[in-house]
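In my numbering, the protein residues as written are 723 to 1198.
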């Protein structure tokens, strides 16, 4: 009671300081509001790692038994892993590892890499590379999907433009994280050997493969040592075109060289003819863009949209870049609905107060208290690293009723003393001090109701942590 009375008396006796403190809270809230990240839900990262392995030409059964199984055995020994799923397709295997929420994703990545190294001895020897891994967040869907198509440009050339130009430029935009290219057709040399021609000269597919591997290499050629200088030999033996591969000598028959084109059809093509993306009736590919952890989704997409005209100008005229999916549309619509609900709630509260209090001064005082509490809560949200999402806005809506209730009780008690003939100063001090302890007790009891949410584990606890802290900070 004494602390409440002394605080009330200090605020009444120092109006300038009180107003300045109030303006400071409002100013901090107004500064923090535009800097708050915008998201549909609170940030909740799930420690998840995706492992990919490639073995060209292997069937799904072969990938599952010879690649996925050895990896699964090693991954199952990693502590803290809660779930492991794998899927095998033609020439590829994908394993998704999920860990407990308290598991550090960096620690998990190191353990996954160690498991891959351990399993490497049991993997097929002809795998082009060891399995690779990347960090993923299954709860964070792509923020933007772009469709790139062209009716005139071949798919391999279009893929090269997207991978070397478009994807690299977009990846440098602030807030952009992982970029995946779907439907990509990387250029490749396709060798279609004839079994009859190979049998006629006593060759096998293994001989053709070995000849290609040994020829198209860029190896050191050595150096020429002179009496006063050294000259390094530099040539590039790599082959880049189907015609060059066709002239490759794979064997000799009766003293005459046998070229690759004599026993096979060599053409320029793509790595996988069965992969293709379509935009309407046009073939092309898709650019799937995800944000960096903690980045503002809306601002990130706005930056990409602003950069698209310049990126389009860098591409050939026949290439069309269109937005296939924009996640911010649903986010903006959802947040707009909650913001409208919050605005309606505040206006209804003010209208009800004006109707029943029948005093504009009291209505304005309570409205000011409500506005200060709401705006100041944005500053605390920024300090705590929260985002402006559906749950935090709902928490503010919930807190509106509690804040108004406390303010009305205090204002009514002050007016009771004014009607009893006391001065404005005495009425303000006595009216607030009489029920100050009660109001504080009620507020603390409401805060106590949200405390269990802070100690909840799992996904629910992470989601409702921002809800609980936002509601309590607004009430207090």
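Even for Gly, the Cβ is constructed at its ideal location relative to N, Cα and C.
Note that this is a predicted model, so its numbers are computed, not measured.
Considering Cα atoms alone, identify which of the options is closest to residue i.
| i | options | result |
| --- | --- | --- |
| residue 884 | 785, 1034, 1194 and 1124 | 1034 |
| residue 1017 | 755, 754, 1056 and 765 | 765 |
| residue 1123 | 1109, 1096 and 1103 | 1096 |
| residue 996 | 740, 1028, 1147 and 1007 | 1007 |
| residue 873 | 1043, 946, 813 and 1028 | 1043 |
| residue 1174 | 1188, 1163, 1164 and 1162 | 1188 |
| residue 854 | 788, 836 and 754 | 836 |
| residue 828 | 770, 1135 and 926 | 770 |
| residue 847 | 761, 778, 1184 and 993 | 778 |
| residue 830 | 857, 845 and 816 | 857 |
Can you list, in chain order, the residues of its chain with a C-beta nearer than 7 Å to that of residue i? Leave out the 5 residues immediately preceding and following it.
| i | result |
| --- | --- |
| residue 724 | At residue 724 the pLDDT is 46, less than 50, meaning the model places this residue with poor confidence; the figure from the coordinates comes in the next sentence. Hits under 7 Å: none found. |
| residue 731 | 1151 |
| residue 852 | 838 and 842 |
| residue 987 | 914 |
| residue 1012 | 862, 864, 865, 899 and 900 |
| residue 945 | 952, 953, 954 and 955 |
| residue 1089 | 1072 |
| residue 757 | 1104 |
Taking only the alpha-carbon atoms, compute the straight-line gap between residue i and residue j and give it to the nearest angstrom.
| i | j | result |
| --- | --- | --- |
| residue 1125 | residue 1176 | 21 Å |
| residue 773 | residue 1052 | 31 Å |
| residue 911 | residue 878 | 11 Å |
| residue 1038 | residue 1014 | 30 Å |
| residue 859 | residue 880 | 29 Å |
| residue 1075 | residue 1065 | 15 Å |
| residue 734 | residue 892 | 56 Å |
| residue 968 | residue 808 | 39 Å |
| residue 1148 | residue 1091 | 21 Å |
| residue 933 | residue 813 | 22 Å |
| residue 919 | residue 1024 | 59 Å |
| residue 1070 | residue 1063 | 10 Å |
| residue 991 | residue 751 | 59 Å |
| residue 787 | residue 801 | 24 Å |
| residue 1118 | residue 850 | 55 Å |
| residue 978 | residue 936 | 20 Å |
| residue 797 | residue 818 | 10 Å |
| residue 782 | residue 1045 | 34 Å |
| residue 845 | residue 928 | 20 Å |
Whose C-beta lies closer than 6 Å to the C-beta of residue i among residues of the same chain, with five residues either side of it excluded?
| i | result |
| --- | --- |
| residue 727 | Low confidence applies to residue 727: its pLDDT is 48, below 50, so where it sits in the model is not reliable enough to give any reading. |
| residue 1102 | 1195 |
| residue 673 | No statement about residue 673 is possible, as the shown extent of the chain runs from 723 to 1198 and does not include it. |
| residue 826 | none |
| residue 1132 | 1154 |
| residue 1001 | 869 and 871 |
| residue 882 | none |
With DSSP as the reference, label residue i as helix, strand or coil.
| i | result |
| --- | --- |
| residue 681 | Here the chain has residues from 723 to 1198 only, and residue 681 is not among them. |
| residue 1083 | helix |
| residue 1145 | coil |
| residue 923 | coil |
| residue 805 | strand |
| residue 761 | coil |
| residue 997 | coil |
| residue 960 | coil |
| residue 950 | coil |
| residue 726 | At residue 726 the pLDDT is 41, less than 50, meaning the model places this residue with poor confidence; the figure from the coordinates comes in the next sentence. Of the three classes helix, strand and coil, the one that applies to residue 726 here is helix, per DSSP. |
| residue 810 | strand |
| residue 1198 | coil |
| residue 1191 | helix |
| residue 1055 | helix |
| residue 945 | strand |
| residue 1004 | strand |
So, at 8 Å on beta carbons, what are the nonlocal neighbours of residue i in its own chain, with the 5 sequence-adjacent residues on each side left out?
| i | result |
| --- | --- |
| residue 889 | 901, 903 and 1009 |
| residue 1146 | 1140 |
| residue 1198 | 1165 and 1169 |
| residue 804 | 820, 821 and 822 |
| residue 1114 | 764, 1103, 1108, 1188, 1189 and 1192 |
| residue 985 | 915, 916, 919, 920, 923, 925, 930 and 972 |
| residue 1135 | 1153, 1154, 1156 and 1157 |
| residue 747 | 1094, 1097, 1098 and 1101 |
DSSP puts residue i in a beta bridge; with which residues?
| i | result |
| --- | --- |
| residue 979 | 974 |
| residue 909 | 992 |
| residue 868 | 1009 and 1045 |
| residue 1135 | Bridge partners of residue 1135: none, in fact. |
| residue 902 | 1010 |
| residue 856 | 772 |
| residue 1200 | This structure gives no information on residue 1200, because the portion of the chain shown stretches from 723 to 1198. |
| residue 914 | 987 |
| residue 1110 | 760 |
The ligand MN heavy atoms versus the CB of residue i: any closer than 7 Å?
| i | result |
| --- | --- |
| residue 889 | In the structure shown, the ligand MN is absent, as is every other ligand, since no ligand is present at all. |
8 Å is my cut-off, CB to CB: does residue i come that close to chain B?
| i | result |
| --- | --- |
| residue 770 | Absent from the structure: chain B. Only one protein chain is present. |
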